[in-house]
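Enquirer: Quick one: the structure is below, and I'll ask about it shortly.
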Amino acid sequence: MPPIDRYGSDVLSGDWRAPKRGRSTPLPAEPDLVVEEVETGWVGAVVRVEKAGGMHVVHLEDRRGRTKAFPLGPGFLVDGAPVTLTPPAAAASARLADARRAESRTASGSVAVQGARARVAGGSRIYVEGRHDAELVEKVWGDDLRVEGVVVELMDGVDDLAGIIAEFEPGPGRRLGVLVDHLVPGTKEARIVEQARALPGLSRHVKVLGHPYVDVWQSVRPERLGWQQWPVIPRGTSWKHGICAELGWPHATQADIARAWKRILGTVRSYSDLEPTLLASVEELIDFVTEPGA
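For the sequence shown, full-length UniProt numbering gives the first residue as 1, with consecutive numbering after it.
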């Protein structure tokens, strides 16, 4: 006869620290997987996983068609059991395929010229309003511009655009393309550009184009930051400071704003992460200043 255990089983045996629901297990966030976000109770199907603002986020669509983004990782339930969402296997394969394709393409989508050296800068130029514009153009079109020998320069604003154009002295072999922020009807920028375009004898050698966004930051697709659209910042509030506040990023100093832009710029991988209006203007300016025999 087996001995009788007078004290019963050992209550400390086994994984006694385990949560009631069990320990979280890793699970790839494959499309259509239905999960619940623990903190908010949001239940939705996985739409996509992407990297935004330096982190991976998963977009969940609820039964009403609303979509919300959450940081990828722990904090989700599937059929009541805790899971840690990981990038989907299909996404990993796609990233590898994209990386291989990227080797033959520049960030602008152009065919990469292997082993090409930067051409000595010609006489033509592209002018942009500020440093952030220049850094974005460099990131996406830099390889193309170096092959063509085109330099991008800063204007530090367009208030004296006519004077800037006159000082450049455009002419044969010396074309000037200008990219202007917030170029929409009725704005100060629109009036300045209209005056500049009316300068006599310059139409063949100067092209001024723009985009409608308040700031070049807004030309980055909002999905790259986990948004469906850029927030509307109230009048009287600095637009960049308001955006940083919406993102929960520091914005008390100019250094904070500079760091915020670096984070936004870091989400841009190629032309596909930019809005079509900016793409069209920059591409047209590049074509204009590199036109053979210009």
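Note that beta-carbon positions come from the ideal geometry of N, C-alpha and C, so glycine has one too.
Quick check on Arg209: does DSSP put it in helix, strand or coil?
Expert: One-based indexing of the sequence shown puts residue 209 at position 209. Here the sequence assigns Leu to residue 209, which means Arg is not the residue at that position. In the structure shown, Leu209 sits in a strand (DSSP, three-state: E or B).
Enquirer: Measuring CB to CB, does Arg174 end up less than 9 Å from Ser124?
Expert: To locate residue 174, count along the sequence shown from 1; it is residue 174. To locate residue 124, count along the sequence shown from 1; it is residue 124. Yes, these two residues count as a Cβ contact at 9 Å.
Enquirer: Output the distance between the C-alpha atoms of Thr40 and Ile165, rounded to the nearest integer angstrom.
Expert: Taking the first residue of the sequence shown as position 1, residue 40 is located at position 40. Taking the first residue of the sequence shown as position 1, residue 165 is located at position 165. Each residue's alpha carbon lies about 55 Å from the other.
Enquirer: For a quick check, are the C-beta atoms of Pro71 and Thr84 less than 9 Å apart?
Expert: By one-based count along the sequence shown, residue 71 stands at place 71. By one-based count along the sequence shown, residue 84 stands at place 84. Between Pro71 and Thr84, the C-beta gap is not smaller than 9 Å, which leaves the two residues out of contact.
Enquirer: Which full runs of the alpha helix (DSSP H) of 4+ residues lie inside the segment 154-232, going along the chain?
Expert: 161-168, 188-197
Enquirer: Could you compute how far the alpha carbon of Ala29 sits from the alpha carbon of Ala81?
Expert: Your numbering for residue 29 matches position 29 in the sequence shown. Your numbering for residue 81 matches position 81 in the sequence shown. Ala29 and Ala81 have their C-alpha atoms roughly 15 Å apart.
Enquirer: Taking only the alpha-carbon atoms, compute the straight-line gap between Phe288 and His241 and give it to the nearest angstrom.
Expert: Within the sequence shown, residue 288 is the residue found at index 288, counting from 1. Within the sequence shown, residue 241 is the residue found at index 241, counting from 1. Rounded to the nearest angstrom, the two C-alpha atoms are 35 Å apart.
Enquirer: How long is the line joining the alpha carbons of Glu223 and Val216, rounded to whole angstroms?
Expert: Stepping through the sequence shown from its first residue, residue 223 is reached at position 223. Stepping through the sequence shown from its first residue, residue 216 is reached at position 216. Rounded to the nearest angstrom, the two C-alpha atoms are 16 Å apart.
Enquirer: Do Leu209 and Gly177 have their C-beta atoms closer together than 9 Å?
Expert: By one-based count along the sequence shown, residue 209 stands at place 209. By one-based count along the sequence shown, residue 177 stands at place 177. Taking 9 Å as the Cβ cut-off, Leu209 and Gly177 qualify as a contacting pair.
Enquirer: If I follow the unbroken alpha helix (DSSP H) through Pro250, where does it start and stop?
Expert: Your numbering for residue 250 matches position 250 in the sequence shown. It is not in any alpha helix (DSSP H) - Pro250 carries neither H nor E in the DSSP assignment.
Enquirer: Val111 by DSSP, collapsed to three states: which one?
Expert: Along the sequence shown, read from residue 1 onward, the residue named residue 111 stands at position 111. Here the model assigns Val111 a pLDDT of 48, short of 50, so the residue's position is not dependable, and the following value carries that caveat. In this structure, Val111 counts as strand in the three-state DSSP scheme.
Enquirer: For Pro200 and Pro231, I'd like the C-alpha separation in whole angstroms.
Expert: On the sequence shown, position 200 is the one that residue 200 refers to. On the sequence shown, position 231 is the one that residue 231 refers to. Between Pro200 and Pro231, the C-alpha separation is close to 41 Å.
Enquirer: Quick one: does Thr84 have its CB under 9 Å from some CB of chain C?
Expert: Considering every chain present, this structure includes no chain C. It has just one protein chain.
Enquirer: Measure from the alpha carbon of His56 to the alpha carbon of each residue in Ile233, Arg221, Pro234, Gly226, then state which is nearest.
Expert: Numbered from its first residue, the sequence shown carries residue 56 at position 56. For His56, the closest C-alpha among the options Ile233, Arg221, Pro234, Gly226 is that of Gly226.
Enquirer: Opposite Ile243 in the DSSP bridges: which residues?
Expert: Position 243 of the sequence shown, counted from the start, is the residue given in the question as residue 243. Ile243 is not bridged to any residue.
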